[in-house]
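First residue of the sequence shown: 1, per the UniProt record's numbering; consecutive thereafter. Worksheet: the structure to be examined is printed underneath.
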Amino acid sequence: MKLYLGKRNLWQCNTVGCRQQFGLRSGNWFSNTKLPFLKIVRFIYCWSEDLTSIAWCEKQLELSQCTTIDWNNYLREVCVAVLNNKKKQPIGGNGRIVEIDESLFSKRKNNSGRILPQMWIFGGICRETKECFLVIVPDRSANTLLSFIKDNIATGSTIYSDSWKGYITNEIEEAGFQHFKVNHQYNFIDPTSGCHTQTIERMWARHHMESYFAEFMWKKMIGDGDIFEEVMRAWEKYWTLE
Numbered sequence: 001m002k003l004y005l006g007k008r009n010l011w012q013c014n015t016v017g018c019r020q021q022f023g024l025r026s027g028n029w030f031s032n033t034k035l036p037f038l039k040i041v042r043f044i045y046c047w048s049e050d051l052t053s054i055a056w057c058e059k060q061l062e063l064s065q066c067t068t069i070d071w072n073n074y075l076r077e078v079c080v081a082v083l084n085n086k087k088k089q090p091i092g093g094n095g096r097i098v099e100i101d102e103s104l105f106s107k108r109k110n111n112s113g114r115i116l117p118q119m120w121i122f123g124g125i126c127r128e129t130k131e132c133f134l135v136i137v138p139d140r141s142a143n144t145l146l147s148f149i150k151d152n153i154a155t156g157s158t159i160y161s162d163s164w165k166g167y168i169t170n171e172i173e174e175a176g177f178q179h180f181k182v183n184h185q186y187n188f189i190d191p192t193s194g195c196h197t198q199t200i201e202r203m204w205a206r207h208h209m210e211s212y213f214a215e216f217m218w219k220k221m222i223g224d225g226d227i228f229e230e231v232m233r234a235w236e237k238y239w240t241l242e
């Protein structure tokens, strides 16, 4: 297969009797967009530098509001896929508090090239170390949540949650944790235990919606690494076509 650049850029098989041709957008994650390649790469680089607000993209990249939202969502879906497939050490431990919460990722209207359907996300943050985890869960049942608690939080941790019925205190404590709930119908901070989940809820709110949390956590995981290079590698690995 050889690349030919000209009025029409394409790949062509030079095998005798074949000569089959493919456009540069065929069979890859460019196939669902008409944006110029350079503009796509510029957007991804700007995203890696936290420069993809609607106003900024409209002015600097000449992208519409819908296109900006879609491309931000594409990249955040890549972040979710990476985090969901990454093996991490449990957070928390003896004497440490882990706040947990769950939230729903809304399905995008334009499903072209999407990676993930509508899904529940379960996350936690250690107050003392600021370590986080983020996982996709099939539902919010007690058995499901307990399984993911045991997989992602070190035994001996003190767990703070809201009063969702899926958090069953005696089962959580039998698994080796302390567990406190706060009922947001009455208090944001439990007046008896001091329990609250404001740290993780501020984290959700700080990033406006659930998918921002995935982007935040993925970039935090990369740390001082090259975010642009890492997201391109991750996109190649996890992006799927429909």
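Even for Gly, the Cβ is constructed at its ideal location relative to N, Cα and C.
When you compare each of the options to residue i by their alpha carbons, which one comes out closest?
i, options, result
"SER53", "TYR212, TRP218, ASN143", "TYR212"
"MET232", "SER64, GLY124, ARG76", "ARG76"
"ASN7", "GLY23, ASN14, GLY17", "Before going on, a small fix: residue 7 reads as Lys here, not Asn. Selected option, being the one with the closest Cα: GLY23."
"THR158", "LEU3, ILE91, PHE133", "ILE91"
"LYS88", "ASN9, GLU99, CYS57, ASN152", "ASN152"
"ASP120", "LYS34, ASN32, ALA214", "Per the sequence shown, the amino acid found at residue 120 is Trp instead of Asp. Closest by alpha carbon: ALA214."
"ASP50", "LEU63, PHE216, ALA234", "PHE216"
"GLU99", "SER163, THR67, ILE222", "SER163"
"PHE228", "GLN12, LEU104, VAL41, GLN60", "VAL41"
"VAL82", "MET221, GLY225, GLY176", "MET221"
"LYS237", "ILE69, VAL78, GLY156", "VAL78"
"SER48", "ASP226, CYS126, CYS57", "ASP226"
"TYR45", "PHE177, LEU104, GLN60, THR33", "GLN60"
Helix, strand or coil, according to DSSP, for residue i in the structure here?
i, result
"ASP70", "helix"
"LYS220", "helix"
"GLU99", "strand"
"GLN178", "strand"
"CYS18", "coil"
"GLN89", "coil"
"LEU63", "coil"
"GLY23", "strand"
Name the two residues that bound the continuous alpha helix (DSSP H) containing residue i.
i, result
"TRP56", "54-60"
"LYS237", "227-238"
"TRP47", "37-48"
Please work out which residues of its chain come closer than 6 Å, Cβ to Cβ, to residue i, disregarding the five sequence neighbours upstream and downstream, and give them in chain order.
i, result
"PHE122", "GLU102, VAL135, VAL137, PHE148"
"GLU62", "none"
"ALA154", "PRO90, GLY92, GLY93"
Within a Cβ cutoff of 7 Å, which residues of the same chain sit near residue i, ignoring the five residues on either side of it in sequence?
i, result
"GLY166", "ARG140, SER141, ALA142, LEU145"
At what residues does the beta strand (DSSP E) containing residue i begin and finish?
i, result
"THR144", "Looking at the DSSP string, THR144 is not in any beta strand (DSSP E); the run it does join, the alpha helix (DSSP H), is 142-152."
"TYR167", "Careful: TYR167 lies outside any beta strand (DSSP E) and carries neither H nor E."
"LEU134", "132-137"
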